[in-house]
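Enquirer: Chains A and B, in that order, give the protein sequences.
The opening position of the first sequence corresponds to residue 159 in the numbering used here, with each subsequent residue numbered one higher.
The opening position of the second sequence corresponds to residue 277 in the numbering used here, with each subsequent residue numbered one higher.
C-beta atoms are modelled at their ideal positions from N, C-alpha and C, and glycine is treated no differently.
On a predicted model such as this, the values are computed, not experimentally measured, just so you know.
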Amino acid sequence: MAKRRLRWLLAGSAVAAVTLTAALAATAYGSGKASSKIVIDGTTGTVVNIDPANEYDYDSFTVDLPIYQGLYGFPSGAKLKPVLAKGCTHTKNLKTWTCQLRHGVKFSNGDPMTSADVKYSFDRVQKIKGDQGIWTLLTYLKSTTTSGPYTVVFHLTNPDSVWPYILSTNAGYVVDKNTYPADKILANTDTTHLVGTGPYKLTKFTPGQQAVLTPNTHYWGPKPKNGGVIINYYSKSSTMKLDLQKGAIDMAFQTFTPTEIASLKKTKGVKVHSAPGVNIRYLVFNVKRPPFNNIHVRKAIAYLMPRAQIAGRVWHHTVSPLYSMVPKGLPGATQAYKKMYGAKPNLKKAKAEMKAAKVKKPLPITLWYTPTHYGDASADEYVEMQRALNASKLFKVTLKSAEWAQYSGALGKTYGAFQLGWFPDYPDADDYTVSFYQPKSFYNNQYANRQMNKLISKERAAPTTKKRLKYLRGMQTLAAKTLPTIPYWQGNMIAVGRSNVSGIPATLDATYYMRFWLISKS
Amino acid sequence: MTGTSLRTYLLTRIALVLPMVFILLTLVFLLMRVAPGNPIQASLGGHVPAAYVHQIEHRMGFDKPLLTQYGQYLWDILRGNFGSTITDNRPLSQIIKQNGAATLELTFFAMLVALVVGIIVGLLAGRHRDTPLDVSGRLFGIVMYATPPFFLGLIAQLVFGVWLGWLPISDQASPLTQALLKTHTNILFLDAIIDGNWTALWDVTKHLILPATTLGLITAGVFIRLIRVNVIRTLRDDYIEAARARGIVERRVVFHHAFKNALVPVITVVGLNLAILLGGAVLTETTFNWPGIGHELYVYLQNRDYTAVQGIIVVFALVVVAVSVLVDFINAYVDPRIRY
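1) Look up residue 422 of chain A in the DSSP assignment and say whether it is helix, strand or coil.
2) Tell me where the beta strand (DSSP E) around residue 648 of chain A begins and ends.
3) Between residue 392 of chain A and chain B, is there a C-beta pair that is closer than 8 Å?
4) Could you work out which residue in B:310, B:328 and B:508 is closest to residue 400 of chain B when comparing CA atoms only?
5) Express the C-alpha separation of residue 351 of chain A and residue 670 of chain A in angstroms, rounding to a whole number.
6) So if DSSP puts residue 390 of chain A in a beta bridge, which residue, or which two residues, is it bridged to?
7) Can you tell me which of the three DSSP states residue 527 of chain A falls into?
8) Name, please, each residue of chain A whose Cβ falls closer than 8 Å to the Cβ of residue 364 of chain B.
9) Roughly how many angstroms lie between the CA atoms of residue 472 of chain B and residue 452 of chain B, to the nearest whole one?
10) Helix, strand or coil, according to DSSP, for residue 553 of chain A in the structure here?
11) Take residue 364 of chain A and list the residues in its own chain whose beta-carbon comes closer than 8 Å to its own, dropping the five residues that flank it on each side.
12) Which residues of chain A have a Cβ atom closer than 9 Å to the Cβ of residue 311 of chain B, listed in chain order?
13) When the cut-off is 8 Å and only beta carbons count, does residue 314 of chain B lie next to chain A?
14) Would residue 283 of chain A count as contacting chain B if we go by Cβ distances under 8 Å?
15) If you count every other CB in all the chains shown that lies within 10 Å of the CB of residue 284 of chain B, and 16 or more means buried, which is it?
16) Measure the CB-CB distance between residue 527 of chain A and residue 537 of chain A and report whether it falls below 8 Å.
17) Residue 424 of chain B to residue 199 of chain A, Cα distance in whole Å?
18) In chain order, what residues of the same chain lie with their CB nearer than 8 Å to the CB of residue 368 of chain A, ignoring the 5 residues before and after it?
19) Could you confirm whether any beta carbon from chain B is found closer than 8 Å to the beta carbon of residue 289 of chain A?
20) Can you tell me whether DSSP reads residue 437 of chain A as helix, strand or coil?
21) Measuring alpha carbon to alpha carbon, tell me which residue in B:583, B:596, B:611 and B:604 is nearest residue 364 of chain B.
22) Inspect the beta-carbon positions of residue 512 of chain A and residue 474 of chain A and report whether they are closer than 8 Å.
23) Where do the ends of the beta strand (DSSP E) carrying residue 572 of chain A lie?
24) What are the complete alpha helix (DSSP H) segments, minimum 4 residues, inside the stretch 272-346 of chain A?
25) Please look up how many angstroms separate the CB atoms of residue 533 of chain B and residue 516 of chain B, rounded, as I've assumed it's under 8 Å.
26) Is it true that the CB of residue 210 of chain A sits closer than 8 Å to the CB of residue 226 of chain A?
27) Against chain A, does residue 509 of chain B count as a neighbour if the rule is that its beta carbon must be under 8 Å from one of theirs?
28) Looking at C-alpha atoms only, which residue of A:545, A:546 and A:529 is the closest neighbour of residue 563 of chain A?
29) Within the same chain, show all residues whose beta-carbon is closer than 6 Å to that of residue 446 of chain B, passing over the 5 residues directly before and after it, in chain order.
30) Could you confirm whether any beta carbon from chain B is found closer than 8 Å to the beta carbon of residue 225 of chain A?
31) Kindly list, in the order they appear in chain A, the residues whose Cβ is closer than 7 Å to that of residue 562 of chain B.
32) Taking buried to mean at least 16 other C-beta atoms within 10 Å of its own C-beta, is residue 596 of chain B buried or exposed?
33) Assign residue 358 of chain A to one of three DSSP states: helix, strand, or coil.
34) Do residue 543 of chain A and residue 643 of chain A count as a contact pair if the criterion is CB distance below 8 Å?
35) Strictly under 8 Å for the Cβ-Cβ distance: is residue 333 of chain B near chain A by that measure?
36) Chain A beta carbons: is any one of them nearer than 8 Å to that of residue 377 of chain B?
Here's what the structure looks like:
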């Protein structure tokens, strides 16, 4: 009985196996390589939301950039330019901004773009208040009105000299009022409705696998230099590296480890492109928590910060030493910390500061970092810092790390000195200063400085760029003096392409924008 | 054969599933809440003001007493509502459907590899006991069983993908195939057949070889050892001796009588190995960038999306329970001695 049943079971399995083998055999003929001008890009990023009303992370932004546009933007280079607007004017108090729209712009579904779409887009972001928080960039926006089909007026609650920069963010991306619901975020897979005015349209999105971008036939600007882009998502950079070496993908952007970059630089058939980027890493002090409430202790650490060692030993020079919260390459960036504390560690001056601090030596301190959010190299970064500080015999450093879920909730509330990184909302010095130095900043470091607050107000109300940059420089100098943070590296924008891919260097600049439309493949 | 009928056995077996699933669900719920930190804040990337984070916590019921959360969690699962991920608002049902299909595709072919390799090597090793063939077979089985999937995967990628350049090393298909192939079942192998797209089918098959072989070989290690032992034991049984005494040729004795009986315990082990296979799938999928449910688990763990992680683990647990019940059914059907 049992044998007979087993026989049936085995027979069934055999039939299935034979069918499968036959199917495999039937298909065993050459596929031939698809020749196309489609550029295949690899990334280890994760897309959260494509709908601009709830997009506030770099990986989602990289997908949005070729699909959507704002009234202003950075179509080429790091200089802000009008894109969907012909230009904007403002009242003397910088509270009302009037923008004239470009004529003849259409969405990728053929719908014309008018001021009604612009108003709808801004109202929508403010109404939805998405979980990711992009709406916080529109905090000063009181209302949006239209005056005819090509004029939009923004009414602000406060003077805002950086309003055109806000218009360049995805909080200001213009969407089609006919396809986007007013009170709901569109799903990432809803490619029929996720339409924009950019050079590409999204034709397929498979979460965690790929985003397929095809040229927008209604695009008003110059045509993309390729026949489309496929962004392929990887969970591990090591697999992406092998695929790039094999030629399964044409290029990769975000993110290889420092050792992988070093290895790729020696690999035939691929080229590593690099330019100064805008992501930064810095050490934050809770300025009210001992011993970091003592400015001399903070200064001693600033004098000993081993920037060159971190950039070289840990990051294989894929990052550069940073001497201000504003990275080099952005207008208004200074080298305030270099000027004040020198380019290299200075033990003599650190000793003098510790003497003035009147604390016991070596002073026990704890530095916190989070490798689960900033990568494994974070641990090496902090080991370098520990080594440098301990070697001075002025400090006895204990390193502690926490998982990001715990770390992000603690920051200044719990830690005295801790690691953070920053990627800008918009590539301007304002985003690297006001965000950190305003009272009640997001990291809870209890820094409040009256002089700094005055500079922030003046900068936001500055009528000219020249004056605005003057205040921004002032903020950086004051921050170096008062040390709420110590910046230590600025990341490079790195993209790796096969040798038949061209145009990558054209998009590597201080905006950190991957402009796929400039890239071609031979 | 004991007194209970097959039906009674099956009903008792199903009744035992309920407390098992309940314990599993409770463990998953408690473990997710023991983890320190604020999952909502962590997943939102720090842009949202604290007051708004509280609003989201409230909306998701994270501020309710633990017992209320637990009740809601069980009720949702009972209704088949696994919720949506925090980070990208993706319904868990979509992940199960889309990525689960990719895992099904991989595990099916991996099991096929495991069975073919396990049975052939196990039978040969058992039949030729204590010969170099047996020693090699055993060694192969032990090495395969002991090798971590990601290590074997990396070696396979390097050798067959990079050095020899024979096979692709990642994804379910090449990016172009994935972009152009119409999705019917999310099992690309079937989708290509449904569309009659033979170029795509060849591409998909090539992409399947390395991950399915890696995962399959690791599982085959268990089968080899089990089948070998069973063959040796069966060859010593009285009925085999009797067959030989009746003058049946040795070849027929071995293939017709011994081997078939030695394969019966494999059915049980196939079921038990599903848990190992799914665990291995997480690592294999990550190594080969295979977009299965294990790969998603890895990605959501990295993004601290606890809703997603909780949902995926529950699905994994339910699948393992369901398969173990199914295997018990098959065992009871094949072997009438198995009863309570």
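Expert: Taking the definition as stated:
1) Residue 422 of chain A falls in the helix class under three-state DSSP.
2) For residue 648 of chain A, the enclosing beta strand (DSSP E) starts and ends at 643-656.
3) yes
4) B:508
5) 28 Å
6) A:200 and A:368
7) strand
8) 204, 205, 206, 207, 346 and 365
9) 17 Å
10) Residue 553 of chain A carries a strand assignment under DSSP once its states are collapsed to helix, strand and coil.
11) 347
12) 561, 563 and 564
13) yes
14) It does not: the Cβ of residue 283 of chain A has no partner Cβ on chain B nearer than 8 Å.
15) exposed
16) yes
17) In this structure, the straight-line span from the alpha carbon of residue 424 of chain B to that of residue 199 of chain A is close to 30 Å.
18) 362, 388, 389, 390 and 391
19) At least one chain B Cβ lies under 8 Å of residue 289 of chain A.
20) strand
21) B:583
22) Against a cut-off of 8 Å, the Cβ pair of residue 474 of chain A and residue 512 of chain A comes out as no contact.
23) Careful: residue 572 of chain A lies outside any beta strand (DSSP E), inside the alpha helix (DSSP H) at 562-572.
24) 273-286 and 321-326
25) 6 Å
26) Going by C-beta atoms, residue 226 of chain A is nearer than 8 Å to residue 210 of chain A.
27) no
28) For the residues A:545, A:546 and A:529, the minimum Cα distance to residue 563 of chain A belongs to A:529.
29) The answer, listed in chain order, is 564 and 565.
30) Residue-level contact by beta carbon fails for residue 225 of chain A and chain B, as no gap is shorter than 8 Å.
31) 393 and 394
32) buried
33) Secondary structure at residue 358 of chain A: strand, using DSSP grouped into helix, strand and coil.
34) no
35) No, residue 333 of chain B lies away from the interface with chain A (no Cβ there is under 8 Å from its Cβ).
36) False, the Cβ-Cβ gap to chain A never drops below 8 Å.
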